[in-house]
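In the numbering used here, the protein residues as written are 1 to 223.
Idealized CB from N, CA, C, for every residue including glycine.
Encoded as structure tokens, the structure appears first; notes follow it.
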DNA sequence: TGCCAGGCCGGGT
DNA sequence: ACCCGGCATGGC
């Protein structure tokens with residue numbers, strides 16, 4: 001899958017952020033939200049001077065929420081961003097230095113630290129591990145679940161997230177760039193092709209997808 | 001007009 | 001560990 005997607009679409013160049021702090025903020029804000037809405041929110045944060053971790057924890061009541069309105073669950077997202085900023089500052093000031101120390105933790109320690117923040121779950125934590133800290137962990141998101149379910153890749157029905165994650169990490173060498181690109185390619189596949197209502201006609205995987213085989217005998221298909 | 005978006009939490013089972 | 005409801009904006 002990775003080879004075919006990469007051949008068809010090339011490197012996606014993820015994560016779309018200028019530095020690890022912007023990356024981490026984006027990881028929280030993009031939860032169940034279109035990325036364009038995240039870009040709006042990031043621009044509003046910057047415009048209000050709510051960019052550095054210090055500014056976010058000290059933001060006047062309501063201003064953070066107002067900035068995050070485009071990200072849908074803005075009250076929750078504001079709390080989650082505060083929690084992330086507090087974690088960063090707990091590792092040192094200024095916040096940029098604290099973040100550098102936080103990201104220098106081992107992968108298990110960093111994951112545990114991130115998961116201790118209310119509103120940061122497995123995927124958001126792994127996003128930050130992979131794209132922020134450069135650890136070779138495979139990120140499993142909703143698209144990945146949908147795609148792997150449709151193609152019949154279902155390692156162990158009892159444990160969704162970790163079964164898929166471990167299976168991919170065993171199948172591919174622990175190469176950070178490859179994991180970054182594979183996840184980004186799967187997101188694109190989920191957005192453009194393997195949607196709730198599939199558009200298998202434009203799928204780069206085509207004959208490699210079991211869903212396509214069972215879908216329509218006559219029509220060409222993909223995931 | 002609907003459909004759908006790069007989750008997470010807390011409840012129940 | 002899964003399933004469900006709640007959260008609650010904006011673009012294509």
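Proximal residues to residue i (C-beta, below 7 Å), its chain only, five neighbours per side dropped
| i | result |
| --- | --- |
| residue 48 | 63 and 67 |
| residue 75 | 65 |
| residue 124 | 27, 28 and 31 |
| residue 88 | 53, 95, 98, 99 and 102 |
| residue 5 | 185, 189 and 204 |
| residue 107 | 129, 135 and 137 |
| residue 33 | 71 and 72 |
Cβ-Cβ distance between residue i and residue j below 7 Å
| i | j | result |
| --- | --- | --- |
| residue 120 | residue 114 | yes |
| residue 132 | residue 24 | yes |
| residue 184 | residue 9 | no |
| residue 86 | residue 57 | yes |
| residue 118 | residue 83 | yes |
| residue 139 | residue 127 | yes |
| residue 161 | residue 122 | yes |
| residue 50 | residue 41 | no |
Boundaries (first-last residue) of the alpha helix (DSSP H) holding residue i
| i | result |
| --- | --- |
| residue 166 | 160-171 |
| residue 144 | 142-150 |
| residue 154 | Where residue 154 is concerned, there is no enclosing alpha helix (DSSP H), given that its DSSP letter is neither H nor E. |
| residue 237 | The question about residue 237 has no answer, for the chain in this structure spans 1 to 223. |
| residue 75 | 74-90 |
| residue 52 | Run containing residue 52: none; DSSP gives neither H nor E here. |
| residue 109 | 107-115 |
| residue 133 | Premise fails: residue 133 is in no alpha helix (DSSP H) and is neither H nor E. |
For residue i, three-class secondary structure by DSSP
| i | result |
| --- | --- |
| residue 58 | coil |
| residue 10 | coil |
| residue 122 | helix |
| residue 178 | helix |
| residue 30 | coil |
| residue 209 | coil |
| residue 15 | coil |
| residue 220 | Below a pLDDT of 50, predicted positions are generally treated as unreliable, and residue 220, at 43, falls in that range; no measurement from the model is reported. |
| residue 43 | helix |
| residue 70 | helix |
| residue 184 | helix |
| residue 194 | coil |
| residue 1 | coil |
| residue 24 | helix |
| residue 203 | coil |
| residue 104 | coil |
Same chain, Cβ closer than 6 Å to residue i, five either side skipped, listed in chain order
| i | result |
| --- | --- |
| residue 21 | 99 |
| residue 3 | none |
| residue 134 | 176 |
| residue 167 | 155 |
| residue 182 | 2 |
Contacting residues, own chain, Cβ-Cβ under 8 Å from residue i (five flanking each side not counted)
| i | result |
| --- | --- |
| residue 101 | 91 and 92 |
| residue 16 | 26 and 35 |
| residue 148 | 154 and 164 |
| residue 116 | 87 |
| residue 143 | 186, 187, 189, 190, 191 and 194 |
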